[in-house]
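Numbering (the UniProt record's numbering), first residue to last: 1 to 337.
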């Protein structure tokens, strides 16, 4: 015979709602760009039928093939579906309870069981860890060494904060992102140390500051005359899970103004001899550096070269006469193509 405590334990494992009603089925659908997720309350056979109908529709109506590798049927309580680089699953926690009010009465309820939760995939954080590690050791980033300290600290913070903001809805955001932030911080310190050719301890002593809540951050302050100083701070925001996030996905306001290139093309004015009302053609070069290298140390360059360099443009709009002179070598004694 079971004791009262055992009865309560067995009772608490029973669901408060019936999730297997054969007379009730539903389908939820969400799409973002080319990423699509269907939620089916029903049997696996129902999900397979829907999948087949979608495949036929795409092939017949849109002439598209459904990828067999990417189109998966996942049981919500046993696996995790992938959508917009989130893992989605149904929680089966029978332990966690919370005080709630139901029909005016206070009671305790298992708030986690049966709820949909998001997780940050391990392969995503692993990919970002590989950017700052090699053979399981945290490394400096050579490609950033030639940048200023302000830019280096800001670069690390921007990358990490972007990940934290995106995965703030993930239940494991704190666990995954705190680990990643520690690796990024070590890599940041090593990058600054390599840049200045000093030890990591000296970098920490120079740039470590404390926030109002006692957390250590890497900070650089650049004073400016008559303006607020520039600040780059790594690790300034705490990492917290949020179950709701307000998304501002506003459309950019396009300014329909004529761009500079179009204005120059339609101006009917030679940018070399300043002749107006003539037919204009474009003379193009691959890179401005090609011109700079070509005439470096050779005295004064031709007028058209000076014009292009001064305008910082790889395209020069000239009249037919000037264009002919450029290609016949009148300006520099040789042809330019």
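Glycine included, every Cβ here is placed at the ideal spot set by N, Cα and C. All of these numbers come straight from a predicted model, not from anything done at the bench.
Quiz prompt | Residues that DSSP places opposite residue 319 in a beta bridge | solution = Taking the first residue of the chain shown as position 1, residue 319 is located at position 319. When DSSP reads this structure, residue 319 sits in a beta bridge with 280.
Quiz item: Excluding sequence positions up to five away, which residues of its chain have a Cβ less than 7 Å from the Cβ of residue 194?
Solution: If you number the chain shown from 1, residue 194 lands on position 194. Excluding residues within five positions, the ones whose Cβ falls inside 7 Å are 140 and 145.
Quiz item: If you count every other CB in all the chains shown that lies within 10 Å of the CB of residue 14, and 16 or more means buried, which is it?
Solution: As a first step, residue 14 must be located in the chain shown, where it is residue number 14. Exposed, by the Cβ-count rule.
Quiz item: With distances taken from CA atoms, which of 186, 228, 223 and 226 is nearest residue 208?
Solution: One-based indexing of the chain shown puts residue 208 at position 208. Checking every option, the nearest Cα to that of residue 208 belongs to 186.
Quiz item: Could you give the distance in angstroms between the alpha-carbon of residue 163 and the alpha-carbon of residue 268?
Solution: On the chain shown, residue 163 is found 163 positions in, with the first residue counted as 1. On the chain shown, residue 268 is found 268 positions in, with the first residue counted as 1. Roughly 50 Å separates the two Cα atoms.
Quiz item: Whole beta strand (DSSP E) runs in the UniProt domain "Reverse transcriptase" (1-88) with 3 or more residues, listed along the chain?
Solution: List check, beta strand (DSSP E) in window: 26-32, 35-41 and 81-83.
Quiz item: Quick check: the region 120-136 against the region 79-95, are there 3 or more CB pairs under 8 Å?
Solution: With the cut-off at 8 Å, the region 120-136 and the region 79-95 touch.
Practice problem: Check residue 192 in the structure and name its three-state DSSP category. | Solution: Within the chain shown, numbered from 1, the residue matching residue 192 stands at position 192. Secondary structure of residue 192 (DSSP, three-state): helix.
Self-check item: Coarse secondary structure for residue 178, derived from DSSP in three states
Solution: Here residue 178 refers to the residue found at position 178 of the chain shown. Residue 178 carries a helical assignment under DSSP once its states are collapsed to helix, strand and coil.
Practice problem: Inspect the beta-carbon positions of residue 116 and residue 91 and report whether they are closer than 9 Å. | Solution: Translated into positions along the chain shown, residue 116 becomes position 116. Translated into positions along the chain shown, residue 91 becomes position 91. At the C-beta level, residue 116 and residue 91 come within 9 Å of one another.
Quiz prompt | Cβ pair residue 241, residue 188 closer than 9 Å | solution = Stepping through the chain shown from its first residue, residue 241 is reached at position 241. Stepping through the chain shown from its first residue, residue 188 is reached at position 188. Residue 241 places its beta carbon 9 Å or farther from that of residue 188.
Quiz item: Is the Cβ-Cβ distance between residue 277 and residue 317 less than 9 Å?
Solution: What you label residue 277 is simply residue 277 of the chain shown in a count that begins at 1. What you label residue 317 is simply residue 317 of the chain shown in a count that begins at 1. Their beta carbons are not under 9 Å apart, which means residue 277 does not touch residue 317 by this criterion.
Quiz item: Can the beta-carbon of residue 157 be found closer than 9 Å to that of residue 104?
Solution: Taking the first residue of the chain shown as 1, we reach residue 157 at position 157. Taking the first residue of the chain shown as 1, we reach residue 104 at position 104. Cβ distance not < 9 Å, so residue 157 and residue 104 don't count as in contact.
Self-check item: Beta-carbon proximity check, residue 230 vs residue 221, cutoff 9 Å
Solution: The residue given as residue 230 occupies position 230 in the chain shown. The residue given as residue 221 occupies position 221 in the chain shown. Result yes, Cβ atoms of residue 230 and residue 221 sit closer than 9 Å.
Quiz prompt | Within the region 90-169, ranges of the alpha helix (DSSP H) (whole runs, at least 4 residues) | solution = With a minimum length of 4 residues, the continuous alpha helix (DSSP H) runs that stay inside the region 90-169 are 122-130 and 149-166.
Quiz item: Out of curiosity, what's the CA-to-CA distance linking residue 182 and residue 130?
Solution: The sequence position of residue 182 within the chain shown is 182, counting from 1. The sequence position of residue 130 within the chain shown is 130, counting from 1. Those two C-alpha atoms are separated by around 13 Å.
Quiz item: Is it true that the CB of residue 176 sits closer than 9 Å to the CB of residue 167?
Solution: As a working mapping, residue 167 is identified with position 167 in the chain shown. As a working mapping, residue 176 is identified with position 176 in the chain shown. In contact: residue 167 and residue 176 (Cβ atoms closer than 9 Å).
Self-check item: For residue 234, the residue or residues it bridges with in DSSP
Solution: As a first step, residue 234 must be located in the chain shown, where it is residue number 234. For residue 234, which the question treats as bridged, DSSP gives the partners 218.
Practice problem: Give me the Cα-Cα distance between residue 40 and residue 30, rounded to the nearest whole angstrom. | Solution: Locating residue 40 in the chain shown gives position 40, where the first residue counts as 1. Locating residue 30 in the chain shown gives position 30, where the first residue counts as 1. Taking the straight line from one Cα to the other gives about 12 Å.
Quiz item: Is the beta carbon of residue 66 less than 9 Å from the beta carbon of residue 50?
Solution: Reading the chain shown from its first residue, position 66 is the one you call residue 66. Reading the chain shown from its first residue, position 50 is the one you call residue 50. Contact flag unset, no.
Quiz item: For residue 232, is the classification buried or exposed, using 16 other Cβ atoms within 10 angstroms of its Cβ as the cut-off for buried?
Solution: The residue you call residue 232 lines up with position 232 of the chain shown. Residue burial annotation: residue 232 is buried, with at least 16 other C-beta atoms found within 10 angstroms of its C-beta.
Quiz item: What's the gap between the Cα of residue 259 and the Cα of residue 315?
Solution: Against the chain shown, residue 259 aligns to sequence position 259. Against the chain shown, residue 315 aligns to sequence position 315. Residue placement at residue 259 cannot be trusted, given a pLDDT of 47 that sits under 50; the coordinates are not used to answer.
Self-check item: Per-residue burial, residue 228 [other beta carbons within 10 Å of its own, 16 or more giving buried]
Solution: Sequence index remark: in the chain shown, residue 228 carries index 228 (1-based). Result: exposed.
Exercise. Please classify residue 241: does DSSP put it in a helix, a strand, or coil?
Key: Position 241 of the chain shown, counted from the first residue, corresponds to residue 241. Here residue 241 sits in coil by DSSP.
Quiz item: Taking the C-alpha atoms as reference points, what is the distance between residue 204 and residue 244?
Solution: As a position in the chain shown, residue 204 is number 204, starting the count at 1. As a position in the chain shown, residue 244 is number 244, starting the count at 1. C-alpha separation (whole angstroms): 36 Å.
Exercise. Grab me the residues of residue 76's own chain with a C-beta within less than 7 Å of its C-beta, minus the 5 sequence neighbours each way, in chain order.
Key: Residue numbering aside, residue 76 sits at position 76 when the chain shown is read from its first letter. Result list for residue 76: 89 and 90, in chain order.
Quiz item: Would you call residue 58 buried or exposed, if buried means 16 or more other Cβ atoms sit within 10 Å of its Cβ?
Solution: As a first step, residue 58 must be located in the chain shown, where it is residue number 58. Of the other Cβ atoms in all chains shown, fewer than 16 fall within 10 Å of the Cβ of residue 58; this residue is therefore exposed.
Quiz item: Closest by CA to residue 64, which one among 34, 87 and 43?
Solution: Your numbering for residue 64 matches position 64 in the chain shown. The shortest C-alpha separation from residue 64 is found at 34.
Exercise. Taking 9 Å as the cut-off, decide whether the C-beta atoms of residue 320 and residue 279 are in contact.
Key: On the chain shown, residue 320 is found 320 positions in, with the first residue counted as 1. On the chain shown, residue 279 is found 279 positions in, with the first residue counted as 1. Against a cut-off of 9 Å, the Cβ pair of residue 279 and residue 320 comes out as a contact.
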